[in-house]
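Chemist: First the structure, then my questions, so here it is.
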Amino acid sequence: MKDTYSNIYIHIIFHIKNTNELIEEADLPEVFRYIGGVVRAQSGVAYVVGGRPDHIHILTSLPHTISLSDFVRAIKANSSRWIKGINPRYSKFSWQAGYGAFSVSESRKESVINYILGQKEHHKKQSMQDEFLLFLEKNGFLSSNSIPQEELR
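156 is the number of the first residue of the sequence shown in this note's numbering; add one for each residue after it.
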């Protein structure tokens with residue numbers, strides 16, 4: 156084949172480093188738009204970006220020209236740098252080093268979009284930590300050798 160074709164949907168989740176540095180609710184839409192722009196600048200498609208003041212969810216296509224780790228690194232580095240500049244209160248803002256990245260089938264794409272759009276309502280009932288543990292469990296990461304709770308904060 157002379158051209159490369161890929162259709163790989165990824166649900167990416169990452170958390171702020173310090174819970175004293177929450178993103179203000181009023182700033183979230185602008186942060187989501189900026190992250191969507193970073194995804195597009197990396198040749199990805201941001202189907203939806205959402206989350207809460209302490210964490211972000213992205214449903215994106217993974218570009219065939221970049222590794223997942225480099226893609227997420229670019230999103231986090233660029234958005235962190237940008238967030239620090241929008242308000243002096245964010246001068247020490249940063250994301251945690253880790254992230255979750257989960258494959259999504261074409262048939263589940265719309266349900267993941269709706270899940271991400273419903274984050275505000277969803278987190279009235281479930282904490283971010285419980286949510287992430289559920290993602291880890293559903294994706295086969297939790298077993299008798301569970302990930303210690305402190306690694307999820």
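Note that the Cβ used here is the ideal one computed from N, Cα and C, for glycine as well.
1. If you follow the alpha helix (DSSP H) that TYR270 is in, where does it begin and where does it stop?
2. Leaving out five residues on either side along the sequence, give the residues of the same chain with a beta carbon under 7 Å from the beta carbon of PHE187.
3. Under the DSSP definition of a beta bridge, which residues are partnered with ALA201?
4. On a CA-only basis, which of SER266, THR215, LYS279, GLY295 is nearest ILE168? Give me that one, please.
5. Do the CB positions of LYS207 and GLN274 come within less than 8 Å of each other?
6. State the CB to CB distance for the pair GLU176 and LYS247, rounded to an integer number of angstroms; the pair is presumed to be in contact (CB under 8 Å).
7. Look up TYR164 in the DSSP assignment and give the residues it is bridged to.
8. What is the residue span of the alpha helix (DSSP H) that LEU183 lies within?
9. For GLU261, tell me which candidate among HIS210, TYR245, LYS280, HIS166 has the shortest Cα-Cα distance.
Modeler: If we stick to the structure as given:
1. Within the sequence shown, residue 270 is the residue found at index 115, counting from 1. From DSSP, the alpha helix (DSSP H) with TYR270 extends over 264-272.
2. Against the sequence shown, residue 187 aligns to sequence position 32. The residues are VAL204, GLY205.
3. By one-based count along the sequence shown, residue 201 stands at place 46. In DSSP, ALA201 forms a bridge with THR215.
4. Taking the sequence shown and counting its residues from 1, one reaches residue 168 at position 13. For ILE168, the nearest C-alpha among the options comes from THR215.
5. Position 52 of the sequence shown, counted from the first residue, corresponds to residue 207. Position 119 of the sequence shown, counted from the first residue, corresponds to residue 274. Before going on, a small fix: residue 207 reads as Arg here, not Lys. Contact: yes.
6. Indexing the sequence shown from 1 puts residue 176 at position 21. Indexing the sequence shown from 1 puts residue 247 at position 92. Contact holds; Cβ gap of about 6 Å.
7. As a working mapping, residue 164 is identified with position 9 in the sequence shown. DSSP, once it has assigned bridges, lists SER216, VAL259 as partnering TYR164.
8. Walking along the sequence shown from the start, residue 183 turns up at place 28. Per DSSP, LEU183 belongs to the alpha helix (DSSP H) from 183-196.
9. Walking along the sequence shown from the start, residue 261 turns up at place 106. Nearest C-alpha to GLU261 among HIS210, TYR245, LYS280, HIS166: HIS166.
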